[in-house]
Structures are given as C-alpha cells and as structure tokens.
C-alpha cells in the first residue's frame, strides 16, 4: 500500500482549507490574513521590545512609507502595498538569507498565493511603476526596522537595504512594536478602509 500523498493545504480559523499548490480565491479570507500576519515575527523574532514586530505591522509601515514616497497613491495602490507580504500568513516570514538558499520553490508558492489574493480582492497585477514603489517602500521599511529594532548599524543597513528614506516621524513611529491583537485589528481596519473604496 502506497503512503498517502503529503498534505499541501492548511486549515484556517475561518474554516477555509487553503491549498498551497493551487490556492483558490474563495479560500482566502482577510480575517485569516490579518490573524496570521499579526502572529508572524519579522527578523525571526530577533527584535528589541516586549512584543514581536509582526508582518502585519510591517505591512502597515510599508503602506505608509509608500504613500509618503508617492503621495498620489490610490486606494488600489495602497492595497497592493499593504498586501505585498500577505502570503506570509501561510508560509511565514522567511528571512532573505534563507530564501537565497531555498531558491525558486518558495517564490513559486508565494506568487501563486499573491495571484489568488489579487483575484479574491479584485486587484490587478501591479504595473511596473507600482511594483517598483512596493520594492522601494519595502526596502525603506526594512532599513528602518534593521536599525531601530534588529541591531544593525546604520552603515550595515545601508549596505543591505540601500540609502535610508527620509520618512516623517508619523511613519517612523510605526516601528514601535504593538501587541498581537493591536496589530491584527489595525491591519484589518486599514484593509477595510482601503477596500471599501
């Protein structure tokens, strides 16, 4: 008798069963995303403070940084910024050095999940200018987090994440880690505000 095929799906608290190899938009719920991202630690949890710095909070930081870098952002563009790491609610936040070791397998799962999410929330694939903005805002957030939370010297952070962006204090303040429930609620509220329009 052959052993059963390995399970390639995860059951969510909403009751949905998300297939990682063939994710269906109907199995994606924003409440599951917010719940999961608020519990996934950036920097493998190696950050200062009494709370982890979650991917949910990082996503809010990236959206705020992106809006500062491109003040004319639409709600749809804001959603792309906010959801740029949303697959991590299922696959976790794998640090860049490990991604380099794993290679394309991880990226393929991530891209399939992002595609299903875009279809679920009626978002187009980002135009090159928006994809560039997401990358720019993500690197600005990573630089800020590296120095303020993860123990990087400014010169070291600049080597890996580029020159620091000149971000206003209201954006910088988003690096103060929040309790899990706060990160989840704020991520969900921001999604709902952007998606309602």
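In the numbering used here, the protein residues as written are 1 to 197. From the three backbone atoms N, C-alpha and C, an ideal C-beta is built for every residue, glycine too. Predicted, not measured: the structure shown is a model, and the values here were computed from it.
Apart from the 5 residues on each side of it in sequence, residue 14 sits with its Cβ closer than 8 Å to the Cβ of 29, 31 and 32 in its chain, given in chain order. In the structure shown, the three-state DSSP call for residue 111 is helix.
Across the set 107, 67 and 123, the C-alpha of 67 shows the shortest separation from the C-alpha of residue 170.
Its Cα nearest to that of residue 36, the residue 89 stands out among 60, 89 and 55. In the three-state scheme derived from DSSP, where H, G and I count as helix and E and B as strand, residue 13 is classed as coil.
In this structure, residue 65 lies near residue 165, with their beta-carbon atoms less than 8 Å apart.
Counting only unbroken stretches of 3 or more residues, no beta strand (DSSP E) element lies wholly within the segment 91-156. Per the coordinates, the alpha-carbon of residue 73 lies some 18 Å from the alpha-carbon of residue 121. Here residue 59 is buried, its C-beta having at least 16 other C-beta atoms within 10 Å. Rounded to whole angstroms, the separation of the alpha carbons of residue 191 and residue 38 is 14 Å. For residue 78, the number of other beta carbons within 10 angstroms of its own is at least 16, and it is reported as buried.
Boundaries of the alpha helix (DSSP H) harbouring residue 180: 180-195, taken from the DSSP string. Here DSSP, grouped into helix, strand and coil, assigns residue 18 to strand.
Of the candidates 110, 178 and 193, the residue whose Cα lies closest to the Cα of residue 50 is 178. Residue 42 places its beta carbon less than 8 Å from that of residue 145. Contiguous alpha helix (DSSP H) elements confined to the segment 3-73 occur at 30-37 and 55-69, taking only those with 4 or more residues.
Look at residue 165 here: in three-state DSSP terms it is coil, with no helix or strand label.
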